[in-house]
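Notes follow once the structure below has been shown.
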Amino acid sequence: MEEIFSKEELMIFLNQIEEEGLSEFEVIEPYFENRLLKVDMKDGEYEVELSGKSDFEMPISKDEYWDKDEIPGFREYKECLISSGFVEYENWDRFKHWIRSLYESEKDPGLSSESIFLTIDTNLAYYRFISRKFPLRYDDMTIDAKDFDYLLSSIVESEIDHHIRDKYGDSDLKMMGMHTEIGDIRYEFRNRGTLETRKSKFATEELNYLRGELNSARVKGKVSKTDSEKNDIMIVESLEEFCWEKNIDVALLSTDRNMGNHAENAEIAFFILEMPHSIPKRKKVDSEIILNLLHDMALMYGVIQIPELSTDLLGIWGGKKDDHYSSESVKAWVNPGSPVESQLKRDMNVLNSLKTF
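What the sequence shown shows, in this note's numbering, is residues 76 to 432, in sequence order.
Okay, structure coming up:
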């Protein structure tokens, strides 16, 4: 059985696992069959056990591999944990207090006579920061992404777009088969994006969210294709100029301390989010984070496997369309004999028939 699920529709998949009486499942990466997650389920709650950095050791050296940059390692694993919301930024509580103060000043004409626009640096697009972190709840207040206006730098757009370029060819797939355990499923990768391209397409969906759902204004700037530090300076300078022209205030969000220095010199408000220092071995999470993890890891690794269900979840496949990216879809290969096959097929038939109305 093959079926494309949006991220929300994957909830049907999780429900079927519980209905079959399975209390746990593992998520495996396909290249060297390292375990990524173990998920314990009980009464709609999910406790996730993570793998450690040592679990990502490879049986061969990267120098022997056909392309060392195509091996998702612990760095990419950690990126998925951050983008999914499994781990929080080190100063997350302080950010919530800061954004609440910004929100209150936006709503109170006595505190500020000018509009406040939020803008993100390139790095936060890769973590889907705005689309995943809002609505944000703090004390008795809920702050929605639409409570703010937004600016989007053309330099940020260009930096991300610059990395959407490479696809897997037949020679790549041949070498992938020689050096890993991925098997024939790799042929679904033909003419699909490489690791760097997949990361950038993930970030592009954040830009699409800002442009579409949040109607962000665009700030033009001159981009350098070779000097990222120069781009950081140009981002801030173009924001400063735009704010003066339009008589608005802007607040810059980033994980880069240097960006904070540039913003401070330009007298632009900013908040620097600190990357997590440690990762919990086990943690209870809600279904939203589980769905984020499954999608983000499927896209990052190209495919992930759930052995207990004889199921593969593909993040890239032949025929993947733009709306599959925007709906954060995965393609499920449910092998014959899987304990969830018959019920899942029934539920998806019902769901697909409802979509026609």
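Idealized CB from N, CA, C, for every residue including glycine.
Under 9 Å, Cβ to Cβ, is there at least one residue of chain D near VAL123?
Looking for chain D here will not work: only one protein chain is present.
Determine the DSSP secondary structure at LYS356, reduced to helix, strand or coil.
Taking the sequence shown and counting its residues from 1, one reaches residue 356 at position 281. DSSP places LYS356 in coil when its eight states are reduced to three.
Inside the stretch 202 to 256 only - beta strand (DSSP E) runs reaching at least 3 residues:
211 to 213, 216 to 218 and 224 to 228
Helix, strand or coil, according to DSSP, for LEU348 in the structure here?
Position 273 of the sequence shown, counting from 1, holds the residue named residue 348. DSSP places LEU348 in coil when its eight states are reduced to three.
Start-to-end residues for the alpha helix (DSSP H) that takes in LYS276
Taking the first residue of the sequence shown as position 1, residue 276 is located at position 201. Start and end: 270 to 287.
Verify whether the separation of the beta carbon atoms of LEU227 and ILE195 is less than 9 Å.
Reading the sequence shown from its first residue, position 152 is the one you call residue 227. Reading the sequence shown from its first residue, position 120 is the one you call residue 195. Their beta carbons are under 9 Å apart, which means LEU227 touches ILE195 by this criterion.
Pick helix, strand or coil for VAL311, following the three-state DSSP scheme.
Here the question's residue 311 lines up with position 236 in the sequence shown. The answer is helix: DSSP assigns VAL311 an H, G or I state.
With H, G and I counted as helix, E and B as strand and the rest as coil, what does DSSP make of ALA421?
Position 346 of the sequence shown, counted from the first residue, corresponds to residue 421. Here the sequence assigns Arg to residue 421, which means Ala is not the residue at that position. Here ARG421 sits in helix by DSSP.
Nearest neighbour of PRO382, chosen from MET216, LYS171, GLU108 and PHE80 [CA to CA]:
On the sequence shown, residue 382 is found 307 positions in, with the first residue counted as 1. Among MET216, LYS171, GLU108 and PHE80, the Cα nearest to that of PRO382 belongs to GLU108.
Pairwise C-alpha distance: LEU389 and GLU84
In the sequence shown, counting from the first residue as 1, residue 84 sits at position 9. In the sequence shown, counting from the first residue as 1, residue 389 sits at position 314. The straight-line gap from Cα to Cα measures roughly 15 Å.
DSSP-derived helix/strand/coil call for TYR164:
For this step, residue 164 is matched to residue 89 along the sequence shown. Coil, per DSSP.
Check this for me: beta carbons of PHE149 and ASP324, under 9 Å apart or not?
Here residue 149 corresponds to residue number 74 of the sequence shown, with the count starting at 1. Here residue 324 corresponds to residue number 249 of the sequence shown, with the count starting at 1. Their beta carbons are not under 9 Å apart, which means PHE149 does not touch ASP324 by this criterion.
If contacts are defined as beta-carbon pairs under 8 Å, then TYR243 and THR269 qualify, I think. What distance do you get, rounded to the angstrom?
Taking the sequence shown and counting its residues from 1, one reaches residue 243 at position 168. Taking the sequence shown and counting its residues from 1, one reaches residue 269 at position 194. 6 Å between Cβ atoms; contact.
Alpha carbon of LYS396 to alpha carbon of ASN340, nearest angstrom:
What you label residue 396 is simply residue 321 of the sequence shown in a count that begins at 1. What you label residue 340 is simply residue 265 of the sequence shown in a count that begins at 1. About 43 Å.
Can you say whether GLU434 is buried or exposed, counting buried as having 16 or more other CB atoms within 10 angstroms of its CB?
Outside the modelled stretch of the chain, which goes from 76 to 432, sits residue 434, for which no answer is possible.
Taking SER475 as the reference, give the member of ASP361, ASP302, ASP422 and ALA326 with the closest Cα.
This structure leaves residue 475 out entirely; the chain is present only between 76 and 432.
When the Cα of GLU315 is compared with those of ASN290, ALA344 and SER353, which residue comes out closest?
The count along the sequence shown starts at 1 and reaches residue 315 at position 240. Among ASN290, ALA344 and SER353, the Cα nearest to that of GLU315 is on ALA344.
Closest Cα partner of LEU97 within the set ILE103, HIS399, MET76 and TYR121
One-based indexing of the sequence shown puts residue 97 at position 22. Ranking ILE103, HIS399, MET76 and TYR121 by Cα distance to LEU97 puts TYR121 first.
Under the DSSP definition of a beta bridge, which residues are partnered with SER329?
By 1-based counting over the sequence shown, the position of residue 329 is 254. Answer is ILE347.
Considering only heavy atoms of the ligand ADP, does any lie closer than 8 Å to the CB of ASP259?
The ligand ADP is not among the ligands present in this structure, which contains no ligands whatsoever.
What is the residue span of the alpha helix (DSSP H) that PHE149 lies within?
By one-based count along the sequence shown, residue 149 stands at place 74. Its alpha helix (DSSP H) spans residues 149 to 159.
With a cut-off of 8 Å on the beta carbons, I'd call ASP115 and GLU99 a contact; round off their distance for me.
By 1-based counting over the sequence shown, the position of residue 115 is 40. By 1-based counting over the sequence shown, the position of residue 99 is 24. About 5 Å separates the two Cβ atoms, so the contact holds.
Report the residue from SER313, VAL360 and LEU366 whose alpha carbon sits nearest the alpha carbon of ALA338.
Counting from one through the sequence shown, the residue named residue 338 turns up at place 263. Looking at the Cα atoms, SER313 is the closest of the given residues.
Can you list, in chain order, the residues of its chain whose CB lies under 7 Å from that of MET372, leaving out five sequence neighbours each side?
As a first step, residue 372 must be located in the sequence shown, where it is residue number 297. Result list for MET372: VAL102, LEU111, CYS155 and ILE379, in chain order.
Given a threshold of 16 other Cβ atoms within 10 Å of its Cβ, counted over all protein chains shown, does PRO210 qualify as buried or as exposed?
Position 135 of the sequence shown, counting from 1, holds the residue named residue 210. Per the 10 Å Cβ criterion, exposed.
Taking the alpha carbon of MET375 as the reference point, which residue from TYR106, GLU151 and ASP144 has its own alpha carbon closest?
Within the sequence shown, the letter at position 300 stands for residue 375. When each option's Cα is compared against that of MET375, the closest is GLU151.
Excluding the five sequence neighbours on either side, which residues of its own chain have a C-beta within less than 7 Å of the C-beta of GLY412, listed in chain order?
The residue given as residue 412 occupies position 337 in the sequence shown. Closer than 7 Å at Cβ, skipping near neighbours: SER385.
List, from N- to C-terminal side, the beta strand (DSSP E) runs of 3 residues or more that fit wholly inside the stretch 371 to 407.
378 to 381 and 386 to 389
Whose C-beta lies closer than 8 Å to the C-beta of GLU77 among residues of the same chain, with five residues either side of it excluded?
As a position in the sequence shown, residue 77 is number 2, starting the count at 1. Excluding residues within five positions, the ones whose Cβ falls inside 8 Å are LYS406, ALA407, TRP408 and VAL409.
Pick out whichever of GLU416, GLU94 and TYR106 has its Cα sitting closest to the Cα of LEU257.
Taking the first residue of the sequence shown as 1, we reach residue 257 at position 182. Residue identity check: residue 257 is Ile in the sequence provided, not Leu. The option with the nearest alpha carbon to ILE257 is TYR106.
Nearest-angstrom Cβ-Cβ length linking LEU328 and LEU199, presumed shorter than 8 Å
In the sequence shown, the residue the question calls residue 328 occupies position 253. In the sequence shown, the residue the question calls residue 199 occupies position 124. About 6 Å; that satisfies the 8 Å criterion.
DSSP state of PHE107 mapped onto helix, strand, coil
For the purposes of this step, residue 107 is identified with residue 32 of the sequence shown, where counting begins at 1. PHE107: coil per DSSP, three-state reduction.
Out of curiosity, what's the CA-to-CA distance linking ILE260 and ASP224?
Looking up residue 260 in the sequence shown gives position 185. Looking up residue 224 in the sequence shown gives position 149. In a straight line, the C-alpha of ILE260 is about 44 Å away from that of ASP224.
Any idea what DSSP makes of ILE79, helix, strand or coil?
Looking up residue 79 in the sequence shown gives position 4. If DSSP states are grouped into helix, strand and coil, ILE79 belongs with the strands.
Considering Cα atoms alone, identify which of SER158, ASP214 and ARG207 is closest to HIS172.
To locate residue 172, count along the sequence shown from 1; it is residue 97. Answer by Cα proximity: ASP214.
Can you check DSSP and say which residues form a bridge with ASP324?
The residue labelled residue 324 in the question sits at position 249 within the sequence shown. ASP324 pairs with ILE191.
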